[in-house]
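If you read the sequence shown in our numbering, its first letter stands for residue 42, the second for the next number, and so on.
Glycine included, C-beta positions come from ideal geometry on N, C-alpha and C.
First the structure, in the form of structure tokens, and then the observations on it.
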Amino acid sequence: MDYTTMKPVVYVAKPGLNYEDVYRTVFMMLDRLWIISKLRIEPRSRILVKPNLTIDKPWTTGATVCPYLVEAIVRWFQMKIDDCEVIVGEGSMLGVDTFKSFEVCGYLELADRLGIELVDLNRQPTVTVEVADGKVLKEIEVAKTVLESDFIVNVAKLKTHILTLVSLGMKNMKGILPYKGKKAIHFLGLEHGIVDLNSIVKPDLTFIDGLIGMEGFGPLVGEAIELGIIVAGFDVVSVDSIASYMMGVDPYEVLHIRYAGERGLGVLELDRVKVYGLDPSIVRRPFKLPPRSIAGDYPGVHLILGDPCSGCIGSIATALTIMKESAELKALIDMYGCLTVAIGPKARLDESKGLTVLCGRCLYRTNVDGIFIPGCPPQSYLIRDILRTKIGLPPIYVSEDVVREAEEFYR
Ligand code: SF4
């Protein structure tokens with residue numbers, strides 16, 4: 042659709058958590074969106090529904106998408122589009138088996154009931170696609186299944202994210218990439234990478250599942266909050282913008298939403314979006330956000346801050362806080378005397394002492410002896426896992442191979 046000439050439409054609803062109410066609401070939202078847009082999908086089309094099942098945790102934790110929300114979406118397409126083929130596809134995060142996520146999150150029974158196929162997008166044959174005007178990705182491998190779909194329904198979560206502040210529709214599309222692409226996007230530049238990806242595979246319709254959201258240390262280990270909300274629309278940028286506002290976060294502060302608006306992928310400005318259903322200001326509920334400053338007291342840690350981005354700050358603050366609580370930080374200090382953590386392009390590395398950790402792409406190939414942690418920004422769980430191996434503990438989130446690979450990524 043051409044959003045330079047028309048206002049994108051976003052539908053906001055609050056059915057609560059009851060199965061029948063969610064079902065009825067999803068049907069009402071889709072009927073209305075179709076009437077407004079006059080969109081037509083050809084009979085026998087292939088519809089890919091891509092829920093956020095990044096981890097094998099039940100939807101009640103707020104980390105993954107509610108199966109009966111997806112059930113209602115699938116049923117609507119099966120009823121409205123003649124002879125369509127609906128598949129549900131996801132590629133869980135590194136170290137998590139997608140079919141384990143399907144099982145834990147209730148999608149195996151769902152697939153049986155609906156007669157649909159479940160697809161692990163991490164393990165599909167891929168096609169390399171050039172990213173015209175990509176800021177950090179020049180080409181990208183995408184599962185063939187995704188490219189061969191006629192219509193993509195993106196079903197994301199309403200949750201916080203320690204690297205990107207919020208995880209909504211555009212961020213959810215990262216799940217369509219095979220492991221290699223997921224790693225590359227994290228290491229080369231997450232915020233622009235998300236926009237590059239959405240410029241190649243833009244979802245046709247996006248739902249945000251705010252039935253149970255997640256705040257605080259999202260997207261995996263934050264606190265679940267019951268909201269009973271669903272947001273949906275065709276323009277993923279507008280949907281993200283409205284959902285971000287509803288979480289109490291100015292969409293301009295979320296770099297990938299802002300970049301997407303500035304790069305013309307969709308509409309970012311709230312006053313340019315036509316909202317149906319509930320007024321977002323009525324259901325707005327500010328979320329507890331992940332740390333945006335390194336305000337904690339970390340004994341024995343020497344921080345060198347060289348004008349870092351908020352993503353690096355959030356990641357380091359999260360890793361240090363969790364390691365302090367688990368006594369791993371103390372074990373590191375006992376072993377090395379001091380832990381220097383450097384982040385940001387202007388970090389003054391002559392101030393390093395003890396074990397030095399150089400975090401993020403900005404500090405790649407400096408002349409200082411230390412551990413380099415790749416990523417832009419680096420992921421907090423990877424920082425923790427790499428540091429755990431320095432005190433003889435096994436990694437928790439990823440395999441030892443992934444730790445080794447991450448350490449050697451740029452070497
Ligand atoms: S690695 Fe550098 S550019 Fe990337 S998020 Fe960190 S400070 Fe910013």
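On a Cα-Cα basis, can you pick out the residue from the options that is closest to residue i?
| i | options | result |
| --- | --- | --- |
| Leu-71 | Val-194, Lys-243, Pro-332 | Val-194 |
| Gly-263 | Val-207, His-227, Val-443 | Val-207 |
| Glu-446 | Pro-415, Ile-114, Arg-429 | Pro-415 |
| Leu-231 | Val-439, Leu-199, Ile-298 | Ile-298 |
| Val-160 | Phe-143, Val-439, Phe-328 | Phe-143 |
| Arg-402 | Ala-360, Lys-365, Tyr-422, Pro-349 | Pro-349 |
| Ile-181 | Val-172, Val-187, Leu-188, Glu-189 | Val-172 |
| Val-242 | Leu-296, Ser-285, Lys-185, Leu-361 | Lys-185 |
| Ser-440 | Val-63, Asp-138, Glu-61 | Asp-138 |
| Arg-425 | Val-409, Gly-274, Val-444 | Val-444 |
| Pro-260 | Lys-371, Asp-237, Ile-203, Asp-153 | Ile-203 |
| Tyr-422 | Gly-355, Leu-390, Thr-381 | Gly-355 |
| Leu-396 | Val-50, Pro-436, Phe-413 | Phe-413 |
| Ile-77 | Glu-83, Met-69, Pro-84 | Met-69 |
| Leu-199 | Arg-304, Val-90, Ser-285 | Ser-285 |
| Val-290 | Arg-325, Ala-225, Asp-276, Arg-406 | Arg-325 |
| Phe-118 | Gly-156, Pro-331, Pro-219 | Gly-156 |
| Gly-371 | Ile-384, Thr-105, Tyr-339 | This sequence places Lys at residue 371; Gly is not what is there. The shortest Cα separation from Lys-371 among Ile-384, Thr-105, Tyr-339 belongs to Tyr-339. |
| Lys-221 | Leu-149, Ala-360, Gln-165 | Gln-165 |
Should residue i and residue j be called a contact, given that it needs their Cβ atoms to be closer than 8 Å?
| i | j | result |
| --- | --- | --- |
| Ala-358 | Gly-337 | yes |
| Asn-93 | Gly-132 | no |
| Pro-108 | Leu-151 | yes |
| Ile-345 | Ala-388 | yes |
| Glu-189 | Arg-116 | no |
| Leu-319 | Val-53 | yes |
| Ile-283 | Val-272 | yes |
| Gly-103 | Gly-269 | no |
| Val-187 | Ile-235 | no |
| Ser-240 | Leu-311 | no |
| Ala-407 | Leu-390 | A quick correction: the sequence has Thr, not Ala, at residue 407. In this structure, Leu-390 lies closer than 8 Å to Thr-407 by Cβ. |
| Ala-225 | Thr-101 | no |
| Val-196 | Asp-250 | yes |
| Pro-84 | Val-314 | no |
| Val-90 | Val-129 | yes |
| His-233 | Lys-179 | no |
| Val-308 | Asp-276 | yes |
| Gly-385 | Gly-411 | no |
| Val-342 | Leu-361 | yes |
Which class does residue i belong to by DSSP, given the choice of helix, strand or coil?
| i | result |
| --- | --- |
| Ser-279 | helix |
| Val-384 | The sequence shown places Ile at residue 384, rather than the Val named in the question. Strand at Ile-384. |
| Phe-228 | helix |
| Lys-243 | coil |
| Pro-92 | strand |
| Cys-400 | strand |
| Ser-322 | helix |
| Asp-97 | coil |
| Ala-368 | coil |
| Thr-430 | helix |
| Thr-205 | coil |
| Val-177 | coil |
| Phe-126 | One detail in the question is off: residue 126 reads as Glu in this sequence, not Phe. DSSP places Glu-126 in strand when its eight states are reduced to three. |
| Val-169 | Note that residue 169 is Thr in the sequence shown here, rather than Val. Strand. |
| Ile-412 | strand |
| Tyr-451 | Residue placement at Tyr-451 is flagged as unreliable, the pLDDT there being 48, under the threshold of 50; the coordinate-derived value follows with that caveat. Here Tyr-451 sits in coil by DSSP. |
| Ile-345 | strand |
| Val-290 | coil |
| Glu-83 | coil |
| Val-236 | helix |
| Ala-336 | coil |
| Glu-189 | coil |
| Lys-200 | strand |
| Val-106 | coil |
| Val-295 | coil |
| Val-145 | helix |
| Val-183 | strand |
| Lys-329 | coil |
| Val-223 | Before going on, a small fix: residue 223 reads as Lys here, not Val. Reduced to three states, the DSSP call for Lys-223 is helix. |
| Gly-57 | coil |
Using DSSP bridges, identify the partner residues of residue i.
| i | result |
| --- | --- |
| Val-308 | Note: Val-308 sits in no beta bridge, so no partner. |
| Asn-195 | Lys-91, Thr-247 |
| Ile-270 | Gly-251 |
| Asp-161 | Glu-131 |
| Val-63 | BP columns for Val-63 are empty, so no partner. |
| Tyr-52 | Ala-273, Tyr-317 |
| Glu-256 | Glu-264 |
Verify the CB distance criterion: does residue i have a CB-CB separation below 8 Å to chain C?
| i | result |
| --- | --- |
| Glu-83 | Judged by its chain identifiers, the structure shown contains no chain C, having just a single protein chain. |
Please indicate yes or no: does the CB of residue i lie closer than 7 Å to some heavy atom of the ligand NAD?
| i | result |
| --- | --- |
| Arg-445 | This structure lacks the ligand NAD; its bound ligands are the ligand SF4. |
field: Around the ligand SF4, Cβ to any heavy atom closer than 6 Å, ordered along the chain
entry: Pro-349, Cys-350, Gly-352, Cys-353, Ile-384, Gly-385, Pro-386, Gly-401, Arg-402, Cys-403, Cys-417, Pro-418
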